[in-house]
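S.K.: Questions regarding the structure given below will be posed in turn.
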Amino acid sequence: MTTTATTRFAPGSTAVRRDVTAALQLRWPRSPASPEPASTPAPGSSMTTGPNWLHPHWPTELSTSRLLLRPVETRDSELLRTLWTDPEVRRFLGGPVPTDRLAQRLTDAASQRGHFTVVLVQDGRGAGRVTLDRDQRAAGRAEVSYEFLPAYAGRGFAAEAVGAVLDWGAQAVPDHQLIAVTQAANTRSRRLLDRLGLLASERFAEYGQDQVLYTTGPSR
Ligand SMILES: CC(C)(COP(=O)(O)OP(=O)(O)OC[C@H]1O[C@@H](n2cnc3c(N)ncnc32)[C@H](O)[C@@H]1OP(=O)(O)O)[C@@H](O)C(=O)NCCC(=O)NCCS
Numbered sequence: 034m035t036t037t038a039t040t041r042f043a044p045g046s047t048a049v050r051r052d053v054t055a056a057l058q059l060r061w062p063r064s065p066a067s068p069e070p071a072s073t074p075a076p077g078s079s080m081t082t083g084p085n086w087l088h089p090h091w092p093t094e095l096s097t098s099r100l101l102l103r104p105v106e107t108r109d110s111e112l113l114r115t116l117w118t119d120p121e122v123r124r125f126l127g128g129p130v131p132t133d134r135l136a137q138r139l140t141d142a143a144s145q146r147g148h149f150t151v152v153l154v155q156d157g158r159g160a161g162r163v164t165l166d167r168d169q170r171a172a173g174r175a176e177v178s179y180e181f182l183p184a185y186a187g188r189g190f191a192a193e194a195v196g197a198v199l200d201w202g203a204q205a206v207p208d209h210q211l212i213a214v215t216q217a218a219n220t221r222s223r224r225l226l227d228r229l230g231l232l233a234s235e236r237f238a239e240y241g242q243d244q245v246l247y248t249t250g251p252s253r
């Protein structure tokens with residue numbers, strides 16, 4: 034069942050439609066009976082989302098026990114700049130975003146539907162981002178991508194956030210198959226997807242790298 038509410042959304046007191054599912058809030062953290070949660074990237078280029086992408090489910094906020102996922106805002110520039118220039122974060126994402134492309138990416142960031150900033154409820158700090166875009170490789174597929182600051186690694190934040198976006202995406206775009214694509218060498222990302230119950234379904238070469246395509250399995 035979907036609970037829909039309207040809330041005030043800082044900054045600027047803009048009214049934003051909130052589309053948080055009761056099921057989602059109950060499911061995080063998952064009950065022991067539920068499958069245990071468990072990645073290259075959309076290297077460089079931003080996805081074309083199309084005029085109707087995620088309509089009428091955007092903008093949306095998602096809540097988990099430790100995290101708030103809210104649409105990217107202009108105040109996230111510093112977080113995004115760090116994520117996009119940190120060699121560790123970008124290791125399997127084609128490397129740091131070149132300086133000449135960075136400014137445009139930052140300018141465009143807040144207008145991308147399906148792009149969430151992940152904020153820690155505890156202190157309001159931004160820890161990373163999770164995105165849901167149409168997969169440009171094939172019609173009827175939506176791709177989840179994610180990047181977190183190394184300072185927040187190894188605490189289950191990524192699993193919690195990506196799991197929430199997958200749960201929401203299944204309801205927001207039920208006519209799309211949810212997928213993730215990660216470099217085969219990106220073991221942390223692959224472990225995350227395994228934990229979330231996704232299945233490694235296909236291997237292919239892209240951007241000169243061996244890639245694994247994960248699909249949502251029967252457990253999600
Ligand atoms: C991919 C990426 C998000 C994975 O991050 P991560 O820190 O491994 O994932 P999580 O935040 O879910 O943390 C999982 C770890 O926290 C541990 N953990 C600790 N407390 C936990 C909790 N309360 N709940 C769940 N797990 C917890 C888990 O056991 C797991 O440990 P392990 O790595 O030893 O198996 C991160 O490496 C990253 O941002 N990489 C750069 C960007 C990238 O490559 N993205 C993929 C492109 S699509």
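Quick note, the sequence shown lines up with residues 34 to 253 if you use the working numbering.
For each residue, glycine too, the CB sits at the ideal point set by N, CA and C.
For L165 versus G196, is the C-beta distance shorter than 7 angstroms?
M.R.: In this structure, G196 does not lie closer than 7 angstroms to L165 by Cβ.
S.K.: Does the structure place the stretch 143–161 close enough to the stretch 87–96 that three or more beta carbon pairs sit under 8 angstroms?
M.R.: Touching, yes, given that three or more Cβ pairs across the two stretches are closer than 8 angstroms.
S.K.: Is it true that the CB of Y179 sits closer than 7 angstroms to the CB of A191?
M.R.: Against a cut-off of 7 angstroms, the Cβ pair of Y179 and A191 comes out as a contact.
S.K.: What does DSSP give as the partner residues of G159 in its beta bridges?
M.R.: DSSP output for G159 lists V152 as bridge partner(s).
S.K.: Should V122 be listed as close to ligand 1, given that the test is whether its C-beta is under 6 angstroms from any heavy atom?
M.R.: Indeed, a heavy atom of ligand 1 lies less than 6 angstroms from the Cβ.
S.K.: Grouping DSSP H, G and I as helix and E and B as strand, with all else coil, what is D119?
M.R.: Note: D119 maps to coil in three-state DSSP.
S.K.: Using a threshold of 6 angstroms, is the CB atom of Y179 nearer than that to any non-hydrogen atom of ligand 1?
M.R.: The answer is yes for Y179.
S.K.: Quick check for students: name the residue ranges of the alpha helix (DSSP H) that lie wholly in the stretch 181–250, counting only runs of 4 or more.
M.R.: Whole alpha helix (DSSP H) segments, 4+ residues: 190–205 and 220–228.
S.K.: Please classify D168: does DSSP put it in a helix, a strand, or coil?
M.R.: Note: D168 maps to coil in three-state DSSP.
S.K.: May I ask you to report which of helix, strand or coil DSSP gives S178?
M.R.: Strand at S178.
S.K.: Three or more C-beta pairs under 8 angstroms: does that hold for the stretch 129–137 against the stretch 180–189?
M.R.: Taking 8 angstroms as the limit for Cβ pairs, the verdict is that the stretch 180–189 does not touch the stretch 129–137.
S.K.: Go ahead and pull the three-state DSSP assignment for L126.
M.R.: L126 falls in the coil class under three-state DSSP.
S.K.: Along the chain, where does the alpha helix (DSSP H) that runs through R134 open and close?
M.R.: T132 to A142 is the extent of the alpha helix (DSSP H) around R134.
S.K.: If distances are taken between C-alpha atoms only, which option among D168, N85, V154 and Y240 comes closest to Q210?
M.R.: Of the candidates D168, N85, V154 and Y240, the one whose C-alpha sits nearest the C-alpha of Q210 is D168.
S.K.: What is the DSSP secondary structure of S110, counted as helix, strand or coil?
M.R.: Three-state DSSP puts S110 in a helix.
S.K.: Is the beta carbon of L246 closer than 7 angstroms to that of E235?
M.R.: Against a cut-off of 7 angstroms, the Cβ pair of L246 and E235 comes out as a contact.
S.K.: With a Cβ-Cβ cutoff of 7 angstroms, do A218 and V151 count as a contact?
M.R.: The answer is no: Cβ separation not under 7 angstroms.
S.K.: What are the boundary residues of the beta strand (DSSP E) that R103 is part of?
M.R.: From DSSP, the beta strand (DSSP E) with R103 extends over L100 to P104.
S.K.: Roughly how many angstroms separate the alpha carbons of T107 and G189, rounded to a whole number?
M.R.: Spanning the two alpha carbons is a distance of roughly 26 angstroms.
S.K.: So L87 and V206 are supposed to be a Cβ contact under 8 angstroms. How far apart are they, rounded?
M.R.: That pair is a contact at about 7 angstroms.
S.K.: Is it buried or exposed for F125, if we count other Cβ within 10 angstroms and need 16 for buried?
M.R.: F125 is buried by the Cβ-count criterion.
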